[in-house]
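Engineer: Going by numbering that gives the first Met the number 0, 146 is the number at position 147 of the sequence shown; the sequence numbering is gapless.
Here a beta-carbon is modelled for each residue, glycine too, at the ideal position from N, C-alpha and C.
Let me give you the structure first, and then I'll get to my questions.
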Amino acid sequence: MASSALAQTSSDPLPDGAAQAQADPAQDGGADKDIVVTGYRAALGSAQALKRNSDSIVDAIVSDDIGKLPDNNAAEAISRVVGVTVTRYNDEAGVILVRGLPDVATTFNGREFFSAEDRVLHLQDFPAGVAAGIEVYKSGTADLIEPGLAGLVSLRSRRPFDVKDTEIAGEIRGSYNDQSKAFDPAGNLLLTKRWDTPIGEIGALVNFSYVRSTYRNADRYADSAVITPRGFGVDDPADDIKVTTPGVGNFNFPANAGNFYEKGVRHRPAINGTLQWRPSADLELYAEGLWQAYRGNVLRDSFNANFERRDANGVAPTLSNVVLVPGEPGKAASFTKTGGYVPEFSRVAQDDRTDTYQGAAGFKWTTGRATLSGDFAYTNSRYKATEITVDSQLATAPTINVDWDARGSAVFDLGGYDIMNPNNARWRGFNQREFVAKGDGIQGRLDLDLQTDWSFLPHLQFGVRASDRNASSQNNTRYAYTAGLNIPLASLPTGALEQITEGFRDDPQRFRTWLAPNRDAIIANSEALRQLAYASVQKATLLFPNDGGIRDAVTKYATAAIPVDPLGGFTASEASYAFYGQGKFAFSIGGVDIDGTAGARVVNTDGTYRGFSRVQGANGSTAIVPTTTKQNYVDILPSAIARIRFSREWQVRLGYTQTRTRPGFGQLNPSLNITANSPGPDGSPPQFDATGSGGNPDLRPLTSKNYDATLEWYFARNGSASVAVFYRDLNGFIGNYTQVVNDPIYGRVQLNRPENAGDGRIKGVEASVQTFFDFLPGMLSGLGVQANGTYLDGTNQLPQALGVGSPQVQITGLSKWAYNLTGFYEKGKISARLSYNWRSGYTTSYNRNINEVQYAGELVRPVSRLDFSASYEPVKNITVVANVSNLLAQPFKNYRYYNETQYFGRDLRVEGRYFSLGVRFKM
Numbered sequence: 000m001a002s003s004a005l006a007q008t009s010s011d012p013l014p015d016g017a018a019q020a021q022a023d024p025a026q027d028g029g030a031d032k033d034i035v036v037t038g039y040r041a042a043l044g045s046a047q048a049l050k051r052n053s054d055s056i057v058d059a060i061v062s063d064d065i066g067k068l069p070d071n072n073a074a075e076a077i078s079r080v081v082g083v084t085v086t087r088y089n090d091e092a093g094v095i096l097v098r099g100l101p102d103v104a105t106t107f108n109g110r111e112f113f114s115a116e117d118r119v120l121h122l123q124d125f126p127a128g129v130a131a132g133i134e135v136y137k138s139g140t141a142d143l144i145e146p147g148l149a150g151l152v153s154l155r156s157r158r159p160f161d162v163k164d165t166e167i168a169g170e171i172r173g174s175y176n177d178q179s180k181a182f183d184p185a186g187n188l189l190l191t192k193r194w195d196t197p198i199g200e201i202g203a204l205v206n207f208s209y210v211r212s213t214y215r216n217a218d219r220y221a222d223s224a225v226i227t228p229r230g231f232g233v234d235d236p237a238d239d240i241k242v243t244t245p246g247v248g249n250f251n252f253p254a255n256a257g258n259f260y261e262k263g264v265r266h267r268p269a270i271n272g273t274l275q276w277r278p279s280a281d282l283e284l285y286a287e288g289l290w291q292a293y294r295g296n297v298l299r300d301s302f303n304a305n306f307e308r309r310d311a312n313g314v315a316p317t318l319s320n321v322v323l324v325p326g327e328p329g330k331a332a333s334f335t336k337t338g339g340y341v342p343e344f345s346r347v348a349q350d351d352r353t354d355t356y357q358g359a360a361g362f363k364w365t366t367g368r369a370t371l372s373g374d375f376a377y378t379n380s381r382y383k384a385t386e387i388t389v390d391s392q393l394a395t396a397p398t399i400n401v402d403w404d405a406r407g408s409a410v411f412d413l414g415g416y417d418i419m420n421p422n423n424a425r426w427r428g429f430n431q432r433e434f435v436a437k438g439d440g441i442q443g444r445l446d447l448d449l450q451t452d453w454s455f456l457p458h459l460q461f462g463v464r465a466s467d468r469n470a471s472s473q474n475n476t477r478y479a480y481t482a483g484l485n486i487p488l489a490s491l492p493t494g495a496l497e498q499i500t501e502g503f504r505d506d507p508q509r510f511r512t513w514l515a516p517n518r519d520a521i522i523a524n525s526e527a528l529r530q531l532a533y534a535s536v537q538k539a540t541l542l543f544p545n546d547g548g549i550r551d552a553v554t555k556y557a558t559a560a561i562p563v564d565p566l567g568g569f570t571a572s573e574a575s576y577a578f579y580g581q582g583k584f585a586f587s588i589g590g591v592d593i594d595g596t597a598g599a600r601v602v603n604t605d606g607t608y609r610g611f612s613r614v615q616g617a618n619g620s621t622a623i624v625p626t627t628t629k630q631n632y633v634d635i636l637p638s639a640i641a642r643i644r645f646s647r648e649w650q651v652r653l654g655y656t657q658t659r660t661r662p663g664f665g666q667l668n669p670s671l672n673i674t675a676n677s678p679g680p681d682g683s684p685p686q687f688d689a690t691g692s693g694g695n696p697d698l699r700p701l702t703s704k705n706y707d708a709t710l711e712w713y714f715a716r717n718g719s720a721s722v723a724v725f726y727r728d729l730n731g732f733i734g735n736y737t738q739v740v741n742d743p744i745y746g747r748v749q750l751n752r753p754e755n756a757g758d759g760r761i762k763g764v765e766a767s768v769q770t771f772f773d774f775l776p777g778m779l780s781g782l783g784v785q786a787n788g789t790y791l792d793g794t795n796q797l798p799q800a801l802g803v804g805s806p807q808v809q810i811t812g813l814s815k816w817a818y819n820l821t822g823f824y825e826k827g828k829i830s831a832r833l834s835y836n837w838r839s840g841y842t843t844s845y846n847r848n849i850n851e852v853q854y855a856g857e858l859v860r861p862v863s864r865l866d867f868s869a870s871y872e873p874v875k876n877i878t879v880v881a882n883v884s885n886l887l888a889q890p891f892k893n894y895r896y897y898n899e900t901q902y903f904g905r906d907l908r909v910e911g912r913y914f915s916l917g918v919r920f921k922m
């Protein structure tokens, strides 16, 4: 078996589980240890050995060679692990959920790693070429960095002592996206060398990786706000919408419908290197560094048609040709809207970048019965985004024909309106935004392993760890509202308008394109646009003297730089100190071997979180004042995991652990950012006086008591089956909720902020199997299969702060069913893999609109994906590889309930297929 596939799973040069797997090949079915296994077989066998011999309950995906993880990035690869699901956006995996929970701790080579102000590393930013393997610890031991509520995801890179001598390996690949119609390069190169010198053995490794991806997504949507023609004041005819279709009564429909397109180019370079020195058999030292980066160029286009707002003269729209859904009382199927407010559209140009650095050094020293190891690291990460938005609207209100359910969401058209006539477009506003998030931290740990004379307790382990983190973010923005000035969009300094490129594939949407300024012209002329916006809002103050937002824009646009908004930022500093102690036990009862670990980890967290808040004085004046909150708490996290080995093939694990997840730094931000809403064009008051968002310094950590049991059967070197049952007793699950509050300064405010939920629980079952069909004759013996499935049932209480009685609801992001089915073929020079992934529908959020009496769930339809890869080795160590990702290209769909039984479709998003062709080499 390839040694790199079992490379270290912690900060130690070689973890106990890997060492055991290498030292005891007979456990893998008694196969000849001199047989060299490569390809899919090696990867499956390595992952199986790691799971089998681990002290924890763990599942893994490993790469037996450079570039052989089956996906572009680590987040895509991990989605194939049992119990793991991912949410995708813009053609890539993003949020990772383990057993239905998103609160996952992450490590790189056994140490804490994070992106900017976040607590976790973003696996989508890790090109697959960096990774030797990814382990998912679902039930951790006391020596691991504190797992999150859902567990711990550990990504590890290669080290020079993983190979025998000199190795040069890599891959060059080109890919094509059928939505963006773009070709992208990718590649990685690994150079490693080992030397025997008079001062001991030395190894050096450097790995270069680069991935570029171009994407284009198309989304048609209906608003989550569902309204009726009678308006919000049911007994007030003044806010009613006129309906000319007789006999339809009052009915429900979304307030808006529209299109949203996003196109972007992602660049992800990475460099990592390691030096290892083994001056003697009992001492090893290492130093390693990583630079990981992201560069993004994004273009967003949106078009929104509103069906309730009045026009500039205060005249409400008229609805005609109303058709109701048969069998569903009071639910609109389609209608025609005339008059009312004009449609609005926007173009956003965004450039963003991330740079993350980590440097580390460590050692492992064995003396007698004691093994002492240490690891010390510094991490620095910075993210910056600049965003420029040109908002527009039509000069007059067209006739809009809308159907509310065409394959899952709304479609519409503008009748005979001449959308391609530049004279029909007006400039509505100009927005500039700068966002910077930063984080840095130092960390260090010492671990001691003592061998004892006690056969029932062969190892005692102790360790300490300390870390000091800083995090901050600053969001500065300004907006100039110019709609009342009737400025032609084509008159802006950005030059001639262009027709946007739509992204729908075989879709019934009737309205797809419109005009907008060129993206490059927006960026190149940003200062000219700023000066024009400044002059425009000065004029607008004369037309709208009571609009505080326009007066505020005059001040903000007077300078080239965006003024710093104190309410848009926070800083945090947090230190943590941990100590653990655990014992490894081993004994036999009636010929049955039992081993495992038992111990506890004690963690003290001491944090200070700073921001700004707006306060009202006794005389009615307001001021922005600094706000500081502190938290200091201790967590005691016990763990006990036992492995019961009935035979070489059969074993059972039983585990009990306690875990907790700290709230994110941004979630603890004490700042509250409230923006007053402007009146309508006719002077009518808005539905809410203001909207607000912010953090919540009163959030407490999420906690969970975890119970696990597994049954595992290892019937071959590459063949195994397992079943796991688990139960999680949760408290304090954090989610963002929208609520309405009465503020003494702003009045009625629609506020979105994180809140702790009440008690919750998750119970579930996982099953997995993998094998190659070696018993089949001839070429058929190359066939293999890997399958896994998960069932989850989880609920938690809505937060008491919402004032709705804390009902039990489904946990957001949790799919009740999920499974992966992969077929392999590997024989001679040919390898192929076909992988199908499916997860059932899930709830994404709970919110309540102004006319609703309860919090309603927004849900996602079942999601499926089919990927294919194949390779051919024409000559030794040269392999041609081909991949197709997202073969089915099924659109993402979600929907939102507006009462107990009825809902409207929300988003229908079309994503791309990726085709790639490349060459792997090794020498």
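In whole angstroms, give me the CA-to-CA distance for W403 and V324.
Structural biologist: Within the sequence shown, residue 403 is the residue found at index 404, counting from 1. Within the sequence shown, residue 324 is the residue found at index 325, counting from 1. Using only the alpha carbons, I get a separation of about 10 Å.
Engineer: Out of D300, P507 and V321, which has the shortest C-alpha to C-alpha gap to S345?
Structural biologist: Mapped onto the sequence shown, residue 345 falls at position 346. Closest option to S345, Cα to Cα, is D300.
Engineer: Can you tell me whether D23 is helix, strand or coil according to DSSP?
Structural biologist: In the sequence shown, the residue the question calls residue 23 occupies position 24. Because D23 carries a pLDDT of 40, less than 50, the predicted location of this residue cannot be relied on, and no value is offered for it.
Engineer: What's the call for K137, buried or exposed, on a 16-neighbour Cβ count within 10 Å?
Structural biologist: The count along the sequence shown starts at 1 and reaches residue 137 at position 138. Buried, since its Cβ has 16 or more Cβ neighbours within 10 Å.
Engineer: Am I right that N795 and A756 are in contact with their C-beta atoms under 8 Å? What's the rounded C-beta distance?
Structural biologist: As a working mapping, residue 795 is identified with position 796 in the sequence shown. As a working mapping, residue 756 is identified with position 757 in the sequence shown. Between A756 and N795 the Cβ distance is about 5 Å, and since that is below 8 Å, they are a contact.
Engineer: Consult DSSP for P184 and reduce its assignment to one of helix, strand or coil.
Structural biologist: Sequence index remark: in the sequence shown, residue 184 carries index 185 (1-based). Residue state, collapsed to three classes: strand.
Engineer: For the putative contact between D350 and Y382, defined by C-beta atoms under 8 Å, what is the C-beta separation to the nearest angstrom?
Structural biologist: For the purposes of this step, residue 350 is taken as the residue at position 351 of the sequence shown. For the purposes of this step, residue 382 is taken as the residue at position 383 of the sequence shown. Between Y382 and D350 the Cβ distance is about 12 Å, and since that is not below 8 Å, they are no contact.
Engineer: Am I right that R747 and F687 are in contact with their C-beta atoms under 8 Å? What's the rounded C-beta distance?
Structural biologist: The residue you call residue 747 lines up with position 748 of the sequence shown. The residue you call residue 687 lines up with position 688 of the sequence shown. Contact holds; Cβ gap of about 5 Å.
Engineer: Could you tell me which residues DSSP pairs with T554 in its beta bridges?
Structural biologist: Locating residue 554 in the sequence shown gives position 555, counting from the first residue. Its beta-bridge partners do not exist; DSSP assigns none.
Engineer: Quick one: grab the DSSP three-state call for D31.
Structural biologist: The count along the sequence shown starts at 1 and reaches residue 31 at position 32. Residue placement at D31 is poorly supported in this model, since its pLDDT is 35, which falls under 50; the coordinates still yield a value, given next. Three-state result, D31: coil.
Engineer: Decide yes or no for the touch test of the stretch 358-371 against the stretch 291-308: beta carbon pairs closer than 8 Å, at least 3 of them.
Structural biologist: Too few Cβ pairs lie closer than 8 Å, so no.
Engineer: Could you check which residue in N717, T656, A715 and N668 has the C-alpha nearest to that of S703?
Structural biologist: Counted from its first residue, the sequence shown places residue 703 at position 704. Answer by Cα proximity: T656.
Engineer: Is D27 buried or exposed, if buried means 16 or more other CB atoms sit within 10 Å of its CB?
Structural biologist: If you number the sequence shown from 1, residue 27 lands on position 28. Its pLDDT being 40, under 50, D27 is placed unreliably in this model, and the coordinates cannot settle the point.
Engineer: Given the structure, does W194 come close to the ligand NAD, in the sense that its CB is under 6 Å from one of the ligand's heavy atoms?
Structural biologist: The model depicted lacks the ligand NAD and carries no ligand whatsoever.
Engineer: Whose C-alpha, out of F510, E433 and A394, is nearest the C-alpha of G483?
Structural biologist: On the sequence shown, position 484 is the one that residue 483 refers to. When only C-alpha atoms are compared, the closest one is A394.
Engineer: In angstroms, rounded to a whole number, what distance separates the CA positions of S915 and D177?
Structural biologist: For the purposes of this step, residue 915 is taken as the residue at position 916 of the sequence shown. For the purposes of this step, residue 177 is taken as the residue at position 178 of the sequence shown. Those two C-alpha atoms are separated by around 11 Å.
Engineer: Look at the Cβ atom of R193, then the Cβ atom of Y713, and state whether they are nearer than 7 Å.
Structural biologist: For this step, residue 193 is matched to residue 194 along the sequence shown. For this step, residue 713 is matched to residue 714 along the sequence shown. No.
Engineer: Do the stretch 216-233 and the stretch 279-292 make contact, defined as three or more Cβ pairs closer than 8 Å?
Structural biologist: Not touching, per the Cβ criterion.
Engineer: Find the nearest neighbour of S333 within the set A359, V410, L298 and G718, judged by alpha-carbon distance.
Structural biologist: Numbered from 1 along the sequence shown, position 334 holds the residue referred to as residue 333. That would be V410, whose Cα lies nearest to the Cα of S333.
Engineer: Have a look at P146 and V724 and give me their C-alpha separation to the nearest angstrom.
Structural biologist: As a position in the sequence shown, residue 146 is number 147, starting the count at 1. As a position in the sequence shown, residue 724 is number 725, starting the count at 1. Using only the alpha carbons, I get a separation of about 19 Å.
Engineer: So, for A574: in the same chain, excluding its five sequence neighbours on each side, which residues have a beta-carbon less than 6 Å away from its beta-carbon?
Structural biologist: Translated into the one-based positions of the sequence shown, residue 574 becomes position 575. So the list reads D467 and D605, once near-sequence residues are dropped.
Engineer: Express the C-alpha separation of G150 and G139 in angstroms, rounding to a whole number.
Structural biologist: Here residue 139 refers to the residue found at position 140 of the sequence shown. Here residue 150 refers to the residue found at position 151 of the sequence shown. The straight-line gap from Cα to Cα measures roughly 7 Å.
Engineer: Quick one: Cα of L813 to Cα of D222, how far?
Structural biologist: For the purposes of this step, residue 813 is taken as residue 814 along the sequence shown, with counting starting at 1. For the purposes of this step, residue 222 is taken as residue 223 along the sequence shown, with counting starting at 1. For L813 and D222, the distance between alpha carbons rounds to 23 Å.
Engineer: For W837 and I77, what's the separation of their Cα atoms in angstroms?
Structural biologist: Residue numbering aside, residue 837 sits at position 838 when the sequence shown is read from its first letter. Residue numbering aside, residue 77 sits at position 78 when the sequence shown is read from its first letter. Distance between the alpha carbons of W837 and I77 is about 14 Å.
Engineer: Considering K762, what are the terminal residues of the beta strand (DSSP E) in which it resides?
Structural biologist: As a working note, residue 762 is residue 763 in the sequence shown. Taken as a continuous stretch (DSSP letters only), the beta strand (DSSP E) holding K762 covers D758 to F771.
Engineer: With DSSP run on the structure shown, which of helix, strand or coil describes V36?
Structural biologist: Locating residue 36 in the sequence shown gives position 37, where the first residue counts as 1. Interpretation of V36 is limited by its pLDDT of 42, a score under 50 that renders its predicted location unreliable; no figure is taken from the coordinates.
Engineer: Are the Cβ atoms of G763 and L782 separated by less than 7 Å?
Structural biologist: Walking along the sequence shown from the start, residue 763 turns up at place 764. Walking along the sequence shown from the start, residue 782 turns up at place 783. Cβ distance not < 7 Å, so G763 and L782 don't count as in contact.
Engineer: Return the first residue and the last residue of the alpha helix (DSSP H) that V536 is part of.
Structural biologist: As a first step, residue 536 is located in the sequence shown; it is residue number 537 there, counting from the start. Counting along the chain, the alpha helix (DSSP H) containing V536 begins and ends at S525 to L542.
Engineer: Just the C-alpha distance for R912 and I733, rounded to the nearest angstrom, thanks.
Structural biologist: Counted from its first residue, the sequence shown places residue 912 at position 913. Counted from its first residue, the sequence shown places residue 733 at position 734. Their backbone Cα atoms lie some 34 Å apart in a straight line.
Engineer: With a threshold of 6 Å on Cβ separation, who are the neighbours of G718 within its own chain once the five nearest residues in sequence on each side are excluded?
Structural biologist: On the sequence shown, position 719 is the one that residue 718 refers to. Contacts found: T770.
Engineer: Classify R908 as buried or exposed, calling it buried when 16 or more other Cβ atoms lie within 10 Å of its own Cβ.
Structural biologist: Counting from one through the sequence shown, the residue named residue 908 turns up at place 909. When all chains shown are included, R908 counts as buried.
Engineer: When the distance is taken between beta carbons, is A115 closer than 7 Å to G438?
Structural biologist: Locating residue 438 in the sequence shown gives position 439, counting from the first residue. Locating residue 115 in the sequence shown gives position 116, counting from the first residue. Their beta carbons are under 7 Å apart, which means G438 touches A115 by this criterion.
Engineer: Pull up the CB-CB distance for N400 and G414, whole angstroms please, since I reckon it's below 8 Å.
Structural biologist: Within the sequence shown, the letter at position 401 stands for residue 400. Within the sequence shown, the letter at position 415 stands for residue 414. That belief holds up - the Cβ atoms of N400 and G414 are roughly 7 Å apart, short of 8 Å.
Engineer: In angstroms, rounded to a whole number, what distance separates the CA positions of A369 and W276?
Structural biologist: In the sequence shown, residue 369 corresponds to position 370, counting from 1. In the sequence shown, residue 276 corresponds to position 277, counting from 1. So the two alpha carbons sit approximately 20 Å from each other.
Engineer: May I ask you to verify whether the stretch 529-548 touches the stretch 440-460, counting CB pairs closer than 8 Å and requiring at least 3?
Structural biologist: Touching, no.
Engineer: Measure the alpha-carbon distance for G99 versus N705 and round it to whole angstroms.
Structural biologist: As a first step, residue 99 must be located in the sequence shown, where it is residue number 100. As a first step, residue 705 must be located in the sequence shown, where it is residue number 706. Computed Cα separation, rounded: 14 Å.
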